[in-house]
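To start, the structure under review is shown below, and the notes come after it.
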Amino acid sequence: MTSLRSVATKARLVFLKKLNVHPEKCREVQFSSEVLPGRERFALLLASSTVKVIDYPVMEVIYSEVFSPTAPIKSIRFLDDRPRCLVLGLKSAELIIVDLSEDPTKKKEKSGRLPIKVSQEELTDMDVSRGRAVMGCSKGSVAIVDLRTWKVLAKHKLFNQIRAVKWSRSGDVAAAVAVGEKGLLIIHDAAEQASSYMIKLPAKVCRFSYVEKGLLSASVCWAGGKLVVSTPSGTLYSGEFQGENTKLEPITQELLSKSICTLCPVAPGVVFTTGIDHVFALWDVSSENRGLLRCDAGVAGFVYDLAFHPAGTGVLAVATGFGNVLLAKTDQGSLAQVGKHLQLRCRAYTVAWHPTNEMQLAVGTQDGKVLVFDVSSQKTNVFGYHTKQRTGIGSVAFASLPLLSEWPVLLATDNNQAYFSKEKDGLLQRLDLIVNGLENHKVWCVSVVPQKNLILFGSAQGKTIAVDSLSLQIVAESRPEKHALTSLAVSSNGNFVAAVFSSTFFSVFETEQLRHKGKSDGNAPCEPIEAKFHAVNHSCMALCWSPFDENLFAIAGTNGEVKLWNLEMCCVRRVFYGAAGNKTVLTMAWSPIAEHRLYLGTNTNSLYQLDMDTCGNQESVDCAFEVDLNLDKPAPAPCKGPKKPSMFPSSSVADDIPKAKGLEDLLLLLSCEECGDYSPLREKPHMGFFHKDLLQGTIDKEVEQHVVKMNSNMALQLMLTGGDIRTTVEFAKEQKHLTPRLVALSAFVSKDFFDETVSAFIDQKKESDIHSVLPFMMATGRTEELLQLLCDLNFHRDAAAVALSNFERDHPAVKKVYMSWAARYTDSAHYERAARCFLVAGEKERMVDTLTLYQDAKSAATAAICAKRCSLPSELLLLKAVRKLLASADGSLWLSRLAEEFEMPVVNGLETLCQTVRTFYRSTKPTEESDEDLFSVPTQSFDEMLESYGSLFSQDDADFVKRLQEGAQLVQTIDELQAFITLEVASSLISTGSVTEAAKVRISQKVAQFDSGKYIHFVMGMLCTALPSA
C-alpha cells in the first residue's frame, strides 16, 4: 500500500496527443479489443450524433457517419466476440450493429423496436459482453438482449432513472445503478433464466447540495472481483462481490465534486474517476486502507463573480466557469471551509443575494438562465427564469420597483438587453418595454442604489444610465467612452458609484449627480453627466469599495497587482505587487468583517485572500494565500530519495521504521553474525541486503510484489541482479515481456536456448511490432516467413527491400512479394501501381489486363502499347484506344504516340481530321451577340476545307476505319459526337475522295438525335455553300 501511494503522489496525467477530430464535444470514447499491428482503434461519439472510428496513431478515419437528430445516438460499444463490429444504442432504445470489416454504411443490422421499455422512455446506458447487451432506460427499465437474434432474454424494473449498467468481466453478471435508489440491481444471466436481487448501500449521513437534475449521476464498475459504486453525493462504495451476501462499504474520503460521472478500473485494486467539474482521481479499493490516491484538475476555469452576504455574516458566494457556485465561510480568518452548493451544466457568470430573504441567492448562467435558490441546509427549493434569446446573463441584481411589485424584483442583463422578472418562474420580460429610452442602449450590466432609489445600467457605448426606481424613467446619462462599461460598483452607503471598463481607466460618480433629471422636457436628450473622478493608465479589471471607509476602494487587473485608492485625496495609497501571482484578477470583494482583507478571483479557478495589514511596507506581497477551487488536493509526500523509483519499494519501508525497532534489528543482526545462523532474519525483507543467504529471498518477494502491481519490467530488472539469466528469460517468456536485450543475454546460456528465445520473441512481437524482430528472423534463416508476415501486414516496401537484398530477381519469394503488393493495389483501385508490380513479377498478361480495368483514354493507350511491346495480342486494344482518344479533348499527343508505336499513318490522319472537325464545330457555333441566329456562317465551306484531306488516307486504311466505326459506343458527349463525325468523314474520303451526301445525311441524323438537336449549328454550317460576299 505504501508503494502504491508513493507512486500515486508522483503521478501526472499526461495528454499523449490532442485529437482535433471534430469541432463539437465528444460524448463517449470506446477502444476496440481487436489486435492491430502498431495501431489502436477507437470510436468517438460526438455531440451531433456523429460516430467516428479512428486508427491511432496514423489518425486514419475508417468510419464516419452522422445520424439523424430525431434519433440521436446515446451510447457506443465494440463487441468483444466480434471486435470489428460496433454497437450503437439509440435514444429510442433501439440498437444498430455496424460491421467495420465491410462497407460500414451498407453493412448494418438493426434491432427494430425492442419490447423493453414503457412509452416515452429513453436509453440512458448500455454495455455488451459475449454477444449480449444490457440496457438501462430513463424510467427504470433494465433488459438483457441477444445481439444475434434480437431476443429479449430478461427484463427488470426499478423506480428511478437508470444511470449506469455494467457487465462483470466474466460476462455472466450485470449490475445496474439508478439515481435515488438505496441499492443497486444485480442480474445473474444463466441460460436465459435470469435471476435478480438488490444489494443495499449502507446509510451515510451527508448533505445533498442542490445539483441540476440532469447532472445527478451514479456509476458502477467491476475492479477484478470487487464491485465499485458511486452515488450522486460523490461517495464511493466498494466491496468483494459475493452474490447476495455482498457488502459495500463507503470510502470516507470525498472530493469537493459532488458528482462522479465515470468509473474505470485501470490496475488491480485501482479505479479512475472523473467528475462533472473536470476533476480526475485515482482511488485504492483493494486494501483495508482504502482511499484517495491522487486527484488532479483537468482544465482551469475563471472565477467570474464574488458576493458577500448582505447581513455581514462573512459568507462569500463564488461563481466559477466550471458551473460551480461555492459558499465560503470567512469568519474564521481563512478560506479553508469552501464547499460546493450548486452545480450547473454551464458557466456561472454572476451572483446576487436577495435583499430581504437572506437565504436566497440568484445565479446568472451562460445559457441565459437565472436560478434563484435557497442556501439553507434544510431546503433545496429552486425556481428559475430565462430569456428568449438564451444568451449568457452577465449581471443580476434585486431592486424595489413599486410600480411592478410590492416585493423585490429580479433584474438581469445579457450584454444586449435589460430584463425583469414578472412571475416566480418563467420568461424574463424586457425592461425597455416599460422604461422609455432604454431601447436605445445596449445594456451590459446592472447595479442598484437602494438608498437613492436608483437603478444603474452600464452600456456597450461606455455610458452610465440612471433610472429612477419609483417612476421607471431615465433621469441621467454619462458621456460615452471608448470601451464598454462592464461592471458597476456602489459604495457601502450609496454615495459613490464606480464604472469599470476592464481596461486601463475607470470613473467615479457621485450618486447625487445621477439623481437629478437631465431632461428639460420629455423629448429633449439628456445632458451628459461628467464623472467626479476619472483615472487613466491603471490596469482595472475589477473594483470594490471598503465597507468601513467609503473614501477607500481597491482596483485589480493583470499580473495580480492590487492598488488601494483614497478618493478624497484622488491618489493611490498603496500598491500590492503580485498579490495574485501573475494571474489576472477578474473580480474582487472587500470583507465585511475584516477591515484590511480582500478576496481576489482569478482566471485560473483560484481565490486569493489578501491581508493588507500584515504586509507592512513591502512592495512584493507574500501575505496573500491561494485556495484552489477545483478540489481539496491531498498534500504530496516529500520526496527524499532519488527521482527514479527503486527496484525494492517494499523493502524500502526500513527507512520509515522507528529508531527503537531499528536498534533491535541491529542487535538481531549482530547475534546472527556471532552464531552464523541468519534464519531469524528471513521474515524481514529489509534485512536481506546484509547477507548473501538472505538476498535471494528478498529478491523473490520483491519480484512477486512487482508482478502483482503489473510492473513486469521492474521485476525482470530485479531478477537479473541475481545473475540467473535462464530463469529471468523463462519468466519473461511466460509474461510475454521479452526484449532485444534479454534475447541477446540468452546467447550466454547456450546456442539451443538462444534459438528457443529468438523463436519466442518472434512469436511475441511479429503481429504487434514486426520491425523489432526483423533482424532476428533474418539471422535465424526465417526470411521467407518474414516476407509473408510483412506482406500480411501491408509492409510491402519493407518486404521488397528484404527480398531483393537476399534473393535473386527470379526467386519465387521475390515474385510472391510483388504479387501480394499488386493484389493490395488492385483492391484499392490503383491499377497502374498494380500493373507495375505485375511487370516486375513477370506477369505481363495480368499487367495488361489490370490496365484495362481503367475506362479512360490514356490508360487504354498505355495498355495497347504495353501489349505490343510484350508481344501480346494488341489489335483490339489499339482500336479501343483510338476510339477513346478521338473522343477525348486532349488525346492528340497520345494518338501521335500510337501512330509511331504501331507504325500506322492512318492514326495520324484521323488525329488531323479530328482537329479540323473540332475547329469547324466551334466556328459555326452562334455567338452571344447573335443568339437568334441558328449558326455562324463559316468563311470556308465544309467541302472546300476537306478537299486536300483525301491524301491523308489510302485504300488500305478502309478496313481499319470501318472496324473503328463498328465498335463505336452510344454518343453521349460532344467529344463523342465529334469523334463520330470524324470517322464518317474519314470513311467517305477513303471511298470517294470527298464527303458524300449519304455521309452528310448520317451526320445530320446523329446530330439531330443528340440532345434534341441542340447542336444543329454544325449541320447548318456543313450544308452551307453560299459564303458571305467580301
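So the sequence shown is numbered by full-length UniProt numbering: it starts at 1 and just counts up by one. Idealized CB from N, CA, C, for every residue including glycine.
Need the endpoints of the beta strand (DSSP E) that residue i sits in, please.
i: Q855; result: Looking at the DSSP string, Q855 is not in any beta strand (DSSP E), and its letter there is neither H nor E.
i: E240; result: L236 to E240
i: L607; result: S606 to D611
i: R824; result: Note, R824: premise wrong, no beta strand (DSSP E); alpha helix (DSSP H) at P812 to D827.
i: W222; result: S219 to A223
i: Q360; result: Q360 to T365
i: P265; result: I260 to A267
i: H188; result: G183 to H188
i: Y385; result: V382 to H386
So residue i packs on residue j, CB below 8 Å; how close in whole Å?
i: Y197; j: E244; result: 5 Å
i: L114; j: V165; result: That pair is no contact at about 15 Å.
i: V396; j: A352; result: 5 Å
i: V448; j: A399; result: 5 Å
i: T486; j: F501; result: 6 Å
i: T511; j: A542; result: About 21 Å separates the two Cβ atoms, so there is no contact after all.
i: L910; j: V882; result: 7 Å
i: E595; j: F533; result: Not quite, the Cβ-Cβ distance comes to about 23 Å (not below 8 Å), so this is no contact.
i: G392; j: G368; result: 7 Å
i: V142; j: V134; result: 7 Å
i: D103; j: W167; result: Actually they do not touch by this definition, with Cβ atoms about 30 Å apart.
i: S606; j: Y599; result: S606 to Y599, Cβ: 11 Å. No contact.
I need the DSSP call for residue i, collapsed to helix, strand or coil.
i: F795; result: coil
i: I725; result: helix
i: E510; result: strand
i: M847; result: helix
i: F838; result: helix
i: D632; result: Low local confidence applies: a pLDDT of 38 at D632 is under 50, so the model's placement there is unreliable, and no value is given.
i: Y210; result: Only weak support is given to the placement of Y210: the predicted model assigns it a pLDDT of 39, under 50, and the question is left unresolved by the model.
i: K962; result: helix
i: R741; result: helix
i: T50; result: strand
i: D414; result: coil
i: P37; result: coil
i: N566; result: strand
i: R809; result: coil
i: I762; result: helix
i: R77; result: strand
i: T862; result: helix
i: K736; result: coil
i: M1022; result: helix
i: E244; result: strand
Go ahead and label residue i buried or exposed: buried means 16 or more other beta carbons lie within 10 angstroms of its beta carbon, across all protein chains shown.
i: residue 1039; result: Missing from the structure shown is residue 1039; the chain here goes from 1 to 1030 and no further.
i: Q855; result: exposed
i: T235; result: buried
i: C672; result: buried
i: T614; result: exposed
i: I76; result: buried
i: A554; result: buried
i: P905; result: exposed
i: V372; result: buried
i: Q965; result: exposed
i: R345; result: exposed
Taking the alpha helix (DSSP H) that residue i belongs to, which residues open and close that run?
i: V572; result: Taken as a continuous stretch (DSSP letters only), V572 belongs to no alpha helix (DSSP H), being part of the beta strand (DSSP E) at C571 to F576.
i: Q30; result: Looking at the DSSP string, Q30 is not in any alpha helix (DSSP H); the run it does join, the beta strand (DSSP E), is C26 to F31.
i: V882; result: E875 to L886
i: Y921; result: P905 to S923
i: I990; result: I974 to T992
i: residue 1032; result: Beyond the ends of the chain as shown, which are 1 and 1030, falls residue 1032; an answer cannot be given.
i: Q1005; result: E997 to Q1009
When every heavy atom of the ligand FMN is checked, does at least one fall within less than 7 Å of the C-beta of residue i?
i: K925; result: Within the structure as shown, the ligand FMN is missing, as the structure has no ligands at all.
task: Answer yes if the stretch 488-502 comes into contact with the stretch 467-475, meaning at least three C-beta pairs across the two stretches below 8 Å, and no otherwise.
output: Contact fails: fewer than three Cβ-Cβ distances are below 8 Å.
query: Counting pairs of beta carbons, one from the stretch 952-959 and one from the stretch 977-993, are three or more of them closer than 8 Å?
result: At 8 Å Cβ cutoff, the stretches touch.
message: If contact is defined by three or more beta carbon pairs under 8 Å, each pair taking one atom from either stretch, is the stretch 857-873 in contact with the stretch 814-823?
response: Fewer than three Cβ pairs drawn from the stretch 814-823 and the stretch 857-873 lie within less than 8 Å of each other, which leaves the two stretches out of contact.
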